[in-house]
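Protein chains in written order, with this note's numbering: chain W, 10 to 404; chain B, 1414 to 1607.
C-beta atoms are modelled at their ideal positions from N, C-alpha and C, and glycine is treated no differently.
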Amino acid sequence: MRALTWQGKHDVRVDTVPDPQIVNPRDAIIRITSTAICGSDLHLYDHTIPGMKHGDILGHEFMGEVVEVGHGNKKLKVGQRVVVPFVIACGKCFFCQKQQFAACDNSNPADKSDASEMAYGYPMAAAFGYSHLTGGYAGGQAEFARVPYSDVGPIVIPDGIDDDKVLFLSDILPTGWMAAVNCDIEPGDVVAVWGCGPVGLFAIQSALLLGAHRVIAIDHHPRRLALARALGAEVLDFEEVKVREALAEMTGGIGPDACIDAVGMESHGMTPDNMLDHVKVATFMATDRVHALRQVILATRKGGRISIPGVYGGIADKFPIGALMEKGLQIKSGQTHVQKFMPELLDLILDGKIDTTFLISHRLDLEDAAEGYKNFKEKQNEYTKVVLKPRFTRH
Amino acid sequence: MAKRSETDIQSDAPPTALKDPNPAAAGLSIDADDSGDLIGRTVTINVPRQALYAFWRDFRNLPLFMENIESVQVYDERRSHWIVKGPADSTVEWDSVIVEDNPGESIAWSTTDKAEVPNSGRIEFRDTSNGRGTQVTVNIVYDPPVGKLGKAMAKLFGREPNIQARQDLRRFKQLMETGEIPTSAMNPSALNEE
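Next comes the structure, spelled out in structure tokens:
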């Protein structure tokens, strides 16, 4: 089959690779009809996440048709259309039973769990198309994918619903939703969202649906700010305004009740702390670049809440622990428990309460995926979301 | 610092969590002076303890999740013969005897006197008091030999014995909880190459 493979920093190529097959009883094989490039794929593209190998198949946002089902899966049937969550979860362990699917104790193969156990204290769950620290499972930017524990993850999509409407159930929609859920929004709340990439935009939409009184969005790309405004947010261009001062003024000096860091570790900006972080990352001294998060902590009101869907992997310098403690802030974070949120979000899509198609700026052939990566990274204003379609779906 | 004797220890943690693990404190020994390295690990498995005990008690199942064990031949209720992968396609073999067997609760085994690589292990299954399934603790004590056998042992227990043991125990948990051992292999031939 054809698949997008990782070859090194800023080097991804579509290659011919062996077809996936059923390996374990609960596996399914999916023929992929739509897949997307995620902002977190750019961390791999930039090689700021360790544990990649040449030839790894990328992609963790995908959907398609079930073409084969292992004998241990009594739920899925050949021919069903499914969206596959990026988190691989067994459904049986303590964590899955608490619906903390992104903390699954079993999906990461035993020999790949040591690195994250050493780095984080406990081994992490597995994900598709990502680092070998999270399993090294082949991803979905391909014609086919092997889906382990396929009786737990994939959600069946009713006939007649376009791929574009439901594809983002795989990651970014539930990630934006959980970011807003983690804000514990109360009536009257003002929520500020750093980063109007896909997750930030869905977080804005979700915060409003969950009852936020106002949402203020922060970015610098005009098109992304325009999308945020269209969703109902007030917007701040951080190149024009002093963000903390602006937020304080716009909330009568109280500050936002909850703040969402939808930027993660490669935030932009030319402030001294960010420059120092940048030097350290470039020289493999490997601290995460956390400018956005520092700003979030200072901007949040006293006693407020912080939600971090943005991806971090390592250790931060100059983390404002004093502001966190003295102001009495609460922080919630984490990879998304996709399986938990998928059913209610599918219902919201089918009811017309959530539309995700506005985000898609480009639809490319899978063969042109490398170009998609380059442009998604370099032309963030234009390229808000790239959806890839394997060639055969056009026939 | 002087080694603390068992009676000095005031912490409630198991012996494997001690900074200076002591095989005797784990109820294991392979020689008179209680020497040898102790490794151990506890995991919670969301399966009743009787089922876990029954699966482990049939030592023929061990190679399913212990990746360096080639086979275990069971002679009778107590005695078994283990073939373990050694360096450069060699194997190391030994006879093992069950020295403790409490159905549903614990099993302990130890190599017989003739073994080139003396080792001993114990597994305990306890109900969790908070409804989270079964807490499974495995302790293994072994005498790290030198020379060629040292290399065999390094292979058996991995470069870091603790790492090999915890990977094996993870696979046991995965198999018991999910019915399979997860792998990122794309197809069966990739799985066999691993």
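Asked, Found
"Run through the region 222-285 of chain W for me and flag every whole alpha helix (DSSP H) of 4 or more residues, listed as ranges in chain order.", "231-239 and 252-259"
"Can you find the residues in the same chain that come closer than 8 Å, C-beta to C-beta, to Met1414/B, ignoring five residues on each side of it along the sequence?", "Confidence at Met1414/B is low in this model, with a pLDDT of 42, below 50, so the placement of that residue should be treated as unreliable; the coordinate-derived value is given next. Nothing meets the Cβ criterion."
"Strictly under 8 Å for the Cβ-Cβ distance: is Gly1592/B near chain W by that measure?", "yes"
"Counting pairs of beta carbons, one from the region 353-368 of chain W and one from the region 377-385 of chain W, are three or more of them closer than 8 Å?", "no"
"Cβ of Pro29/W less than 8 Å from any chain B Cβ?", "yes"
"By alpha-carbon positions, which one of Lys1527/B, Ala1467/B, Phe1478/B and Gly1517/B ends up nearest to Ser1509/B?", "Lys1527/B"
"Tell me whether Ala1426/B is buried or exposed, calling it buried when 16 or more other Cβ atoms sit within 10 Å of its Cβ.", "exposed"
"How would you call Pro281/W, buried or exposed, if buried means at least 16 neighbouring beta carbons within 10 angstroms?", "With a pLDDT of only 47 at Pro281/W, under 50, the local geometry of the prediction cannot be trusted, and no value is derived from it."
"Mind listing the chain B neighbours of Ala136/W? Cutoff is C-beta to C-beta under 7 Å, in chain order.", "Within chain B, no residue comes near Ala136/W; the closest Cβ sits about 11 Å away, beyond 7 Å."
"Please identify, using Cβ separations under 7 Å, the residues of the region 372-393 of chain W that lie next to chain B, in order along the chain.", "none"
"According to DSSP, is Gly100/W helix, strand or coil?", "coil"
"Alpha carbon to alpha carbon, how far is Gly261/W from Cys102/W? Give it in angstroms, no decimals.", "47 Å"
"Helix, strand or coil for Asn1552/B, going by three-state DSSP, please let me know.", "strand"
"For Pro1601/B, return the contacting residues in chain W, with the cut-off set at a CB-CB distance below 9 Å.", "Gln30, Ile31 and Val32"
"Is the shortest distance between the beta-carbon of Leu1465/B and the beta-carbons of chain W less than 8 Å?", "no"
"Rank Ala1437/B, Asp1581/B, Val1554/B and Glu1537/B by C-alpha distance to the C-alpha of Thr1547/B and give the top, closest one.", "Glu1537/B"
"Can you find a CB in chain B that lies within less than 8 Å of the CB of Phe103/W?", "yes"
"Per DSSP, what kind of secondary structure is Thr1547/B in: helix, strand or coil?", "strand"
"For a cutoff of 8 Å on Cβ pairs, would you count Asp123/W as touching chain B?", "yes"
"So, for Leu178/W: in the same chain, excluding its five sequence neighbours on each side, which residues have a beta-carbon less than 7 Å away from its beta-carbon?", "Val92, Ile164, Met351, Leu354 and Leu355"
"Between which two residues does the beta strand (DSSP E) carrying Asn33/W extend?", "First-last for Asn33/W: undefined, no H or E at that position."
"Grab the span of the beta strand (DSSP E) containing Asn1515/B for me, first residue to last.", "Thr1504 to Asn1515"
"Which first and last residues belong to the alpha helix (DSSP H) in which Phe1472/B is found?", "Per DSSP, Phe1472/B belongs to no alpha helix (DSSP H) and is neither H nor E."
"Is the Cβ-Cβ distance between Ile369/W and Asp228/W less than 8 Å?", "no"
"Note the first and the last residue of the continuous alpha helix (DSSP H) segment covering Met72/W.", "From DSSP, Met72/W is part of no alpha helix (DSSP H) but of the beta strand (DSSP E) over Glu70 to Val78."
"Any Cβ of chain W within less than 8 Å of the Cβ of Gln1580/B?", "yes"
"Within the 8 Å Cβ cut-off, does Asn1605/B reach chain W?", "no"
"What first and last residue would you give for the alpha helix (DSSP H) that runs through Ile473/W?", "With chain W running from 10 to 404 in the structure shown, residue 473/W is simply not present."
"At a Cβ threshold of 8 Å, is Thr1429/B touching chain W?", "no"
"Near Gln389/W, which residues of its chain fall below 8 Å by C-beta distance, leaving aside the five closest residues on each side in sequence?", "Gly206, His230 and Arg233"
"Using the three-state DSSP reduction, which class does Ile213/W fall into: helix, strand or coil?", "helix"
"Let me check understanding here. Comparing Cα to Cα, which of Ile46/W, Gly17/W and His19/W lies closest to Thr393/W?", "Ile46/W"
"Taking Cβ positions only, does Ser116/W come closer than 8 Å to chain B?", "yes"
"Please name the residue or residues paired with Ile58/W in a DSSP beta bridge.", "According to DSSP, which records beta bridges pairwise, Ile58/W is partnered with nothing at all."
"Is the number of C-beta pairs between the region 301-308 of chain W and the region 245-262 of chain W that are closer than 8 Å three or more?", "yes"
"So who's on the other strand from Glu1537/B, going by DSSP bridges?", "Ser1519/B and Thr1550/B"
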